[in-house]
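Here's the structure, in structure tokens; my notes come after.
Number of protein chains: 2
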Amino acid sequence: MSTFKQTYQRKAIMDYLKGNRDHPTAEDIYRAVNKGNPSISLATVYNTLNFLKKKGLVSELSVNSTKRRFDTNNTNHHHFICLSCGNVHDIEEDIGLSIPKALRDQFEILSVRIDLYGRCKGCSGKSQDLPLEGI
Amino acid sequence: MSTFKQTYQRKAIMDYLKGNRDHPTAEDIYRAVNKGNPSISLATVYNTLNFLKKKGLVSELSVNSTKRRFDTNNTNHHHFICLSCGNVHDIEEDIGLSIPKALRDQFEILSVRIDLYGRCKGCSGKSQDLPLEGI
DNA sequence: CTCATAATTAGAATAATTCTAAATTAACAC
DNA sequence: GTGTTAATTTAGAATTATTCTAATTATGAG
Chain A
30 MSTFKQTYQR KAIMDYLKGN RDHPTAEDIY RAVNKGNPSI SLATVYNTLN
80 FLKKKGLVSE LSVNSTKRRF DTNNTNHHHF ICLSCGNVHD IEEDIGLSIP
130 KALRDQFEIL SVRIDLYGRC KGCSGKSQDL PLEGI
Chain B
30 MSTFKQTYQR KAIMDYLKGN RDHPTAEDIY RAVNKGNPSI SLATVYNTLN
80 FLKKKGLVSE LSVNSTKRRF DTNNTNHHHF ICLSCGNVHD IEEDIGLSIP
130 KALRDQFEIL SVRIDLYGRC KGCSGKSQDL PLEGI
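Just so you know, the protein sequences line up as chains A and B, in that order. Residue numbers for the first sequence follow this note's numbering, beginning at 30 and rising by one. Residue numbers for the second sequence follow this note's numbering, beginning at 30 and rising by one.
Below you can see the structure in the form of structure tokens.
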């Protein structure tokens, strides 16, 4: 059914992302791919990123990133995000984690944030209808 | 030195956030506090949220949330975010984590995202100049 | 109570992203 | 190769989220 076409724009964007470790923004990507193909448009960059995300070839660093979301900061808690309904639940339980020494040597680690993704009680069984983003 | 004043706007916003587990957006907060105080402005909500964040009383769910950031999704990696320079480093190493059974019973967990915060090699020693956000 | 200055406000400005409608192009059948 | 069709790209307008500006108000120290 859903056929999809291979275009040089998609290739250029994918190639750029593959050789990149800087977690670029859409604007960054736009500037970079435009050097090779000056006709490529910003709208295409956005379209393509959303498309590649849906295909699972690209992921996004934050959750629902078009709007900022806030929290009181009283407890050091983590989050569970339901991939079906999109709700965010607070996790108060401790999650033990073992960070390899090599890592602790390389970075001065001050705090940790853990996001769990999956389906909540009400949604288990349903098919996934949100993109697996930020993972 | 830096005196700060207690205003009913700040109280209203803080009170709303305290009794809330929905991770509201600025717009959500604006609508909610406006029911009690119709004169409160959206700019104040933004000002106050940024202020409370700086004070550490409120935190924000995502990192650098005004721009989306992308990644190829080939490896299941985590991230280290330097609080000083803001750079994001990929973590390829495995981070072992033990999720309590109570949690695994409550949610169907499909994947995990871990963000480590701290200072990178080049920045250790420097004073922290980015807000501790998203923690 | 007075005063200095912090905070609020409305609305303009900016920045990021999405939408629209027309033009182009890849893929596929023939 | 040619023609057809639907997918994709494009420029620019529109929308949305956030910040800025400059004037006004109000908190808290003295």
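Just so you know, even glycine gets a beta-carbon here, dropped at the ideal spot from N, CA and C.
Contacts that residue i makes with chain A (C-beta to C-beta distance below 8 Å)
i, result
"G165 (chain B)", "Not covered by the structure: residue 165 (chain B). The range shown for chain B is 30 to 164."
"A72 (chain B)", "Those within 8 Å of A72 (chain B) in chain A number zero; the least Cβ separation is about 15 Å."
"T54 (chain B)", "K96, R97, R98, F99"
Residue i: contacting residues in chain A (beta-carbon distance under 7 Å)
i, result
"G125 (chain B)", "L126, S127"
"A61 (chain B)", "The premise fails here: A61 (chain B) is roughly 12 Å from chain A at the closest Cβ pair, so nothing lies under 7 Å."
"K47 (chain B)", "T101"
Residues of its chain near residue i, where Cβ-Cβ distance is below 6 Å and the 5 sequence neighbours each way are ignored
i, result
"V74 (chain B)", "A55, I58, Y59"
"C149 (chain A)", "C111"
"V117 (chain B)", "H108, I110"
Buried or exposed by the 16-neighbour rule on C-beta atoms within 10 Å, applied to residue i
i, result
"T36 (chain B)", "exposed"
"T32 (chain B)", "exposed"
"S156 (chain B)", "Only weak support exists for where S156 (chain B) lies, its pLDDT of 47 falling under 50; the coordinates are left without a value."
"K96 (chain A)", "exposed"
"K82 (chain B)", "buried"
"P53 (chain B)", "buried"
"G147 (chain B)", "buried"
"S127 (chain A)", "exposed"
"S88 (chain A)", "buried"
"L71 (chain A)", "exposed"
"R176 (chain B)", "With chain B covering 30 to 164 only, the question about residue 176 (chain B) has no answer from this structure."
"D51 (chain B)", "exposed"
"D100 (chain B)", "buried"
"D158 (chain B)", "Confidence at D158 (chain B) is low in this model, with a pLDDT of 42, below 50, so the placement of that residue should be treated as unreliable; the coordinate-derived value is given next. By the neighbour-count rule (16 or more Cβ atoms within 10 Å), D158 (chain B) is not buried but exposed."
According to DSSP, residues forming a beta bridge with residue i
i, result
"I110 (chain B)", "B:V117, B:Y146"
"D57 (chain B)", "DSSP lists no partner for D57 (chain B)."
"D100 (chain A)", "B:S88"
"S70 (chain A)", "Bridge partners of S70 (chain A): none, in fact."
"S153 (chain A)", "Beta-bridge pairing links S153 (chain A) to no other residue."
"V141 (chain B)", "A:L145"
Within chain A, the residues that residue i reaches when beta carbons sit closer than 9 Å
i, result
"I69 (chain B)", "Near I69 (chain B) there are no residues of chain A at all, since even the closest Cβ is about 16 Å away, more than 9 Å."
"K64 (chain B)", "Those do not exist, as K64 (chain B) stays about 18 Å from chain A at its closest Cβ, beyond 9 Å."
"F109 (chain B)", "L132, Q135, F136, I138"
Contacts around residue i, its chain only, beta-carbon distance under 8 Å, and the 5 residues preceding and following it disregarded
i, result
"H106 (chain B)", "D119, I120, E121"
"V62 (chain A)", "Q38, A41, I42, Y45, I69, V74"
"I143 (chain B)", "H107, H108, I120, I124, L126"
For residue i, the first and last residue of its enclosing alpha helix (DSSP H)
i, result
"R134 (chain B)", "For clarity, residue 134 (chain B) is Asp in the given sequence; the question names Arg instead. 130-135 is the span of the alpha helix (DSSP H), which, as asked, contains D134 (chain B)."
Run of the beta strand (DSSP E) containing residue i, from where it starts to where it stops
i, result
"D44 (chain B)", "Not the beta strand (DSSP E): D44 (chain B) falls in the alpha helix (DSSP H), residues 37-47."
"G125 (chain B)", "125-127"
Neighbouring residues, chain B, relative to residue i (Cβ below 8 Å)
i, result
"D44 (chain A)", "By Cβ distance, chain B contributes nothing, its closest Cβ being about 10 Å from D44 (chain A), past 8 Å."
"K150 (chain A)", "Q135, F136"
Residues that residue i contacts on chain B, provided the C-beta gap is smaller than 9 Å
i, result
"K40 (chain A)", "Chain B residues near K40 (chain A): none, gap ~13 Å exceeds 9 Å."
Neighbourhood of residue i by C-beta, 7 Å cutoff - its chain only, sequence neighbours within 5 removed
i, result
"T77 (chain B)", "Q38, R39, I42"
"G65 (chain B)", "A41"
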